[in-house]
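Trainee: Note that the working numbering has the sequence shown beginning at 646, numbered continuously upward.
Even for Gly, the Cβ is constructed at its ideal location relative to N, Cα and C.
No experiment lies behind these values; they were computed from the predicted model shown.
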Amino acid sequence: MRRTVAALAAMSALAFAWGETQAQNLLLNGTLDATVQTEITPGFFLPKPADWVNEGSRTIGGPYEDEMSSETWAGPAPTPVTTGGANADDWGVFFKPFSGGGANGLATGRLYQDVAATPGTKYVLTGWAGAEANAMMTDAVLALEFLDSGGVEVPASGVELSLLPTLFTDNGLSFDYKQYMVMGTAPAGAATVRASIAMIGAQSNPAGGGQAFVVDDFELRAVPEPSAFLLAGLAIAGLAARRRRS
Ligand SMILES: [Ca+2]
Ligand SMILES: [Ca+2]
646 MRRTVAALAA MSALAFAWGE TQAQNLLLNG TLDATVQTEI TPGFFLPKPA
696 DWVNEGSRTI GGPYEDEMSS ETWAGPAPTP VTTGGANADD WGVFFKPFSG
746 GGANGLATGR LYQDVAATPG TKYVLTGWAG AEANAMMTDA VLALEFLDSG
796 GVEVPASGVE LSLLPTLFTD NGLSFDYKQY MVMGTAPAGA ATVRASIAMI
846 GAQSNPAGGG QAFVVDDFEL RAVPEPSAFL LAGLAIAGLA ARRRRS
């Protein structure tokens, strides 16, 4: 009986460790609530998320900064309600699809963060995204990429989810916000996992109207491969069985 209890305790300890691993968010400022003033055009500043890298460019106009900014109206429910902003605000990111098109060409904006990766470990990225009905984009993508120690993507290792099929589906919530998820296993040679959200090939809608693309509340978690978890469980079961025989 005591042995069974010990085995059960070991299993619960494992289950607890599993839960802890699941819960740990590897991203800094995943809530996007911490912001930094960023120069958009000479002398004009807007907040953007701290700890994240932001790249904006237009096919003809080239790199630019005004493809997104941090906004307090983009962060509240239905996304998780957090209070990390300077005035306990819940900030989100406002991508501006309407900043593309015309003489500047289509706009692409990407927000990403790099985290040290361990080959063989599975990574799960979740995040919230929503849009107003008239936002025009070729695609909107939640993605994981795996980079080697030189910062080069390990070939064919990336995973991405196109949000367009469901982004505009009316769910009755603010911005029709929904939570999305992608997952992928770090391949041999991976040193970094890059978590990203992007609007791709966006342009101003000639019809006008609301054209915001908004995102908030990202989490990147490392999950032990089921095989590793299973092996640990089997090892414990084997130990218990051997003790029972003795
Ligand atoms: Ca939020
Ligand atoms: Ca937020």
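For ligand 3, I want to know if W718 counts as a neighbour, meaning its beta carbon is within less than 7 Å of at least one of the ligand's heavy atoms.
Mentor: Ligands in the displayed structure: ligand 1 and ligand 2; ligand 3 is not one of them.
Trainee: With a threshold of 8 Å on Cβ separation, who are the neighbours of N779 within its own chain once the five nearest residues in sequence on each side are excluded?
Mentor: Hits under 8 Å: N850, A852, G853, G854, G855 and Q856.
Trainee: Return the residue from the list F863, L673, N674 and N670 that minimises the CA-CA distance to V773.
Mentor: Note that residue 773 is Trp in the sequence shown, not Val. Nearest C-alpha to W773: F863.
Trainee: Given a cut-off of 8 Å on the beta-carbon distance, is the pair T835 and L787 in contact?
Mentor: Going by the sequence as given, residue 835 is Ala instead of Thr. Contact flag unset, no.
Trainee: One question on the structure: do Q758 and W718 come within less than 8 Å of each other, judged by their Cβ atoms?
Mentor: No, the pair does not count as a contact, with Cβ atoms beyond the cut-off.
Trainee: At what residue ranges does the segment 757-813 contain a whole run of the alpha helix (DSSP H), taking only runs of 4 or more?
Mentor: Within the segment 757-813, the complete alpha helix (DSSP H) runs of at least 4 residues are 809-812.
Trainee: Excluding the 5 residues preceding and the 5 following S802 in the sequence, name in chain order all residues of the same chain whose CB lies nearer than 6 Å to its CB.
Mentor: These residues qualify, in order along the chain: F791 and P832.
Trainee: Would you say the beta carbon of P721 comes nearer than 7 Å to a heavy atom of ligand 1?
Mentor: Yes, the beta carbon of P721 sits closer than 7 Å to at least one heavy atom of ligand 1.
Trainee: If you follow the beta strand (DSSP E) that S714 is part of, which residue opens it and which one closes it?
Mentor: Residues M713 to E716.
Trainee: Does at least one heavy atom of ligand 1 sit under 7 Å from the Cβ of D735?
Mentor: Under cutoff, so the answer is yes.
Trainee: Exposed or buried, what is T763 when buried is set at 16 or more other beta-carbons lying within 10 Å of its beta-carbon?
Mentor: That one is exposed.
Trainee: Return the first residue and the last residue of the beta strand (DSSP E) that P956 is part of.
Mentor: As shown, the chain starts at 646 and ends at 891. That puts residue 956 outside it, with no answer to give.
Trainee: Is the separation between the beta-carbon of P715 and that of K741 shorter than 8 Å?
Mentor: The residue asked about is misnamed: residue 715 is Ser in this sequence, not Pro. No; because the gap between Cβ atoms is not below 8 Å, this pair is not in contact.
Trainee: For ligand 1, is there a heavy atom less than 7 Å away from the beta-carbon of V726?
Mentor: Yes; taking the cut-off as 7 Å, the Cβ of V726 has a heavy atom of ligand 1 nearer than that.
Trainee: Quick check on this structure: which residue in M713, V769 and F858 has the alpha carbon closest to the alpha carbon of A840?
Mentor: Among M713, V769 and F858, the Cα nearest to that of A840 belongs to V769.
Trainee: Pick from T727, G746, R755 and G817: whose alpha carbon is nearest that of L789?
Mentor: Ranking T727, G746, R755 and G817 by Cα distance to L789 puts R755 first.
Trainee: Give the range of the beta strand (DSSP E) segment to which K741 is assigned.
Mentor: Looking at the DSSP string, K741 is not in any beta strand (DSSP E), and its letter there is neither H nor E.
Trainee: How about T766 and A867: do their beta carbons lie closer than 8 Å?
Mentor: Yes, they are a contact pair.
Trainee: Should G707 be labelled buried (16 or more other beta-carbon atoms within 10 Å of its own) or exposed?
Mentor: Exposed.
Trainee: Based on the DSSP output, what are the partners of N699 in its beta bridges?
Mentor: In DSSP, N699 forms a bridge with L756.
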